[in-house]
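**Q** Numbering (the working numbering), first residue to last: 23 to 558.
Yeah, the Cβ is synthetic: ideal placement off N, Cα and C, and Gly gets one too.
Since this is a predicted model, take the numbers as computed values, not measurements.
Structure in structure tokens, see below.
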């Protein structure tokens, strides 16, 4: 290892980072990954720490940094092809790579694409083959070293001599592991303890467990629960201080510029400062919700935002208040946070809600939500605090699951913990010609033992292998649960499953008994019995 190596400017070499990534990718041991990463972090300067942690999470910049390096797969491939031979020895420092990313992100206006590609080519020309792979992985968000955020948090704790739980709580509150690493390694455990909710630093959203039984919910919540409509929209977190408003998505991507209508609502709140949790839903002319796919068209618009707002209006539904006038509320009970939310909004823009301990009333409320075109209901313990990033029995989502029987036609080799397994399955339904029409992919639903068994089974059915995807004879049928069927130009079928996950392996069915494309199309149309639709 060259973890202690220094570059021409006296800093950590990028080659040392590449060496670390190679070692991380070659081991499946959690303990080894944590130990290797902790050793590397201890050797970094304060200036190098944010870049190194960002790179380890396959990001050019810290999570709280809004800058974007606009380099696509196609652009990277083009620049790689035009780059000359790699140098014989490493030349790059860690901070030189970070500086290059900053310059690429700063390029704007006329000629910006040429500036980006020239700077990227200049960076790659100084990089060894292994360094080039790491640069590409960071830019594309695909390092494939098996170091998920939980392991990196454990490594930060080990490097700083702090408790893992201290690091985890700071990470939940700050949503930026670079800042967490700085607190841990510079200020130690006391710095981590001072981590708190901050305006304009997005928190990870609290998550919900899944239940199909209201009796389970009532038991978990002490006999009564708060039921809210489960909207089929996009989760957003609104931060407002005076006239300054910023909005983040569920994945903590800033979406402020795409939501001028929501910004206007936020500026009318009855508070000097607030952080609110909610959902936006695209609505049709009849006021009913549009499919999620239409909402994403609005979110992805980078230009003509006002026109997009007129074409696809949004309804805002708020359901939590996390900070009010400078005071964090996340440790307060849900019931108190809802009272604060009513005060901030004046009762407007709130999620449809009832508090009940009666099963008949709960079922009626669920039926009302479904009839209105929504996904189902959320059930929340009135006494529960807000736990960023946490999932458990304090919140449940209750919604009926739709499913189809699909045939596996191919599978991709996994990475990280799934390395060595065929674990991303290509799903298809039967078409009239006797073949199979692709409708999506999924890596969700199977246990580790099932992944291993499925890998062996598909290997025996292999008819092709390009090193990444194994094509197989279409013999294995799986029941696939999903949230929605969407139109998709990506697949010849014209459709794609949203949030597909394998519910069970249908050993009792052969491929001739799979869902047909005609049946699949009918399920797509059935969705509009309760949803609105736009002419496509």
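Please identify the residue among 494, 488, 461, 462 whose C-alpha is closest to the C-alpha of residue 477.
**A** 494
**Q** Can you give me the C-alpha to C-alpha distance between residue 372 and residue 353, rounded to a whole angstrom?
**A** 21 Å
**Q** Expressed to the nearest angstrom, what Euclidean distance is found between the alpha-carbon atoms of residue 257 and residue 299?
**A** Taking the Cα positions, residue 257 is about 8 Å away from residue 299.
**Q** I need the boundaries of the beta strand (DSSP E) containing residue 606, first residue and last residue.
**A** Any answer about residue 606 is impossible in this case: the structure gives the chain only from 23 up to 558.
**Q** Based on DSSP bridge pairs, tell me the residues matched to residue 443.
**A** Answer by DSSP bridge pairing: none, since residue 443 is not bridged.
**Q** Check this for me: beta carbons of residue 149 and residue 160, under 8 Å apart or not?
**A** no
**Q** Exposed or buried, which one is residue 356 when buried takes at least 16 other CB atoms within 10 Å?
**A** Around the CB of residue 356, 16 or more other CB atoms lie within 10 Å, so the residue is classed as buried.
**Q** Following the continuous beta strand (DSSP E) through residue 320, name the residue where it begins and the one where it ends.
**A** That residue, residue 320, is in no beta strand (DSSP E); its alpha helix (DSSP H) goes 314–321.
**Q** Whole angstroms are fine: how far does the CA of residue 497 sit from the CA of residue 480?
**A** 9 Å
**Q** Can you tell me whether DSSP reads residue 105 as helix, strand or coil?
**A** Judged by DSSP in its simplified three-state form, residue 105 adopts coil rather than helix or strand.
**Q** CA-CA distance, residue 152 and residue 116?
**A** 14 Å
**Q** What distance in whole Å lies between the Cβ atoms of residue 363 and residue 340, which are believed to be in contact at a cut-off of 8 Å?
**A** 6 Å
**Q** Determine which residues share a DSSP beta bridge with residue 346 and list them.
**A** 296, 349
**Q** Give me the Cα-Cα distance between residue 55 and residue 303, rounded to the nearest whole angstrom.
**A** 41 Å
**Q** Tell me which residue opens and which closes the beta strand (DSSP E) that residue 240 is part of.
**A** Premise fails: residue 240 lies in the alpha helix (DSSP H), 236–242, not in any beta strand (DSSP E).
**Q** Per DSSP, which one or two residues make a beta bridge with residue 424?
**A** 504
**Q** Using three-state DSSP, classify residue 252 as helix, strand or coil.
**A** strand
**Q** Does residue 356 come out as helix, strand or coil in the three-state DSSP assignment?
**A** helix
**Q** Which same chain residues end up closer than 6 Å to residue 30 when comparing Cβ atoms and leaving out the 5 residues on each side of it in sequence?
**A** Bear in mind that the predicted position of residue 30 carries a pLDDT of just 45, short of 50, making it unreliable; the figure below should be weighed with that in mind. For residue 30, where only same-chain residues beyond five positions count, there are no Cβ hits under 6 Å.
**Q** Beta-carbon within less than 6 Å of residue 75's beta-carbon, same chain only, minus the 5 sequence neighbours each way: which residues are those?
**A** 199, 200, 203.
**Q** In chain order, what residues of the same chain lie with their CB nearer than 6 Å to the CB of residue 213, ignoring the 5 residues before and after it?
**A** Result list for residue 213: 205, in chain order.
**Q** For residue 526, which option in 473, 506, 154, 542 has the closest C-alpha, if you only look at C-alpha atoms?
**A** 473
**Q** According to DSSP, residue 624 sits in a beta bridge with which residue or residues?
**A** Only positions 23 to 558 of the chain appear in the structure, and residue 624 is not among them; the question remains open.
**Q** If you draw a straight line from the C-alpha of residue 137 to the C-alpha of residue 459, how long is it?
**A** 42 Å
**Q** On the premise that residue 79 lies in contact with residue 176, defined as a C-beta separation below 8 Å, what is that separation, rounded to the nearest angstrom?
**A** Not a contact, Cβ separation roughly 14 Å.
**Q** Between the C-alpha atoms of residue 207 and residue 52, what's the straight-line distance to the nearest angstrom?
**A** If I take the Cα positions, the gap works out to 21 Å.
**Q** Evaluate contact between the stretch 433–447 and the stretch 506–521, counting only Cβ atoms and requiring at least three cross-stretch pairs below 8 Å.
**A** no
**Q** Considering residue 271, what are the terminal residues of the beta strand (DSSP E) in which it resides?
**A** 266–271
**Q** Can you give the beta carbon distance from residue 282 to residue 333, rounded, assuming they're within the 8 Å contact cut?
**A** Going by Cβ atoms, the distance from residue 282 to residue 333 rounds to 14 Å, so no, they are not a contact pair.
**Q** Would you call the stretch 262–278 in contact with the stretch 442–451, where contact means no fewer than 3 C-beta pairs closer than 8 Å?
**A** no
**Q** Sort 288, 251, 402 by Cα distance to residue 262 and report the nearest one.
**A** 288
**Q** Within the continuous alpha helix (DSSP H) that includes residue 378, where are the two ends?
**A** Per DSSP, residue 378 belongs to no alpha helix (DSSP H); it is in the beta strand (DSSP E), 375–378.
**Q** If you pair each beta-carbon of the stretch 125–141 with each one of the stretch 90–98, do three or more pairs fall below 8 Å?
**A** yes
**Q** For residue 265, I'd like the list of residues in its chain whose CB is within less than 8 Å of its CB, leaving aside the five on either flank, ordered along the chain.
**A** 289
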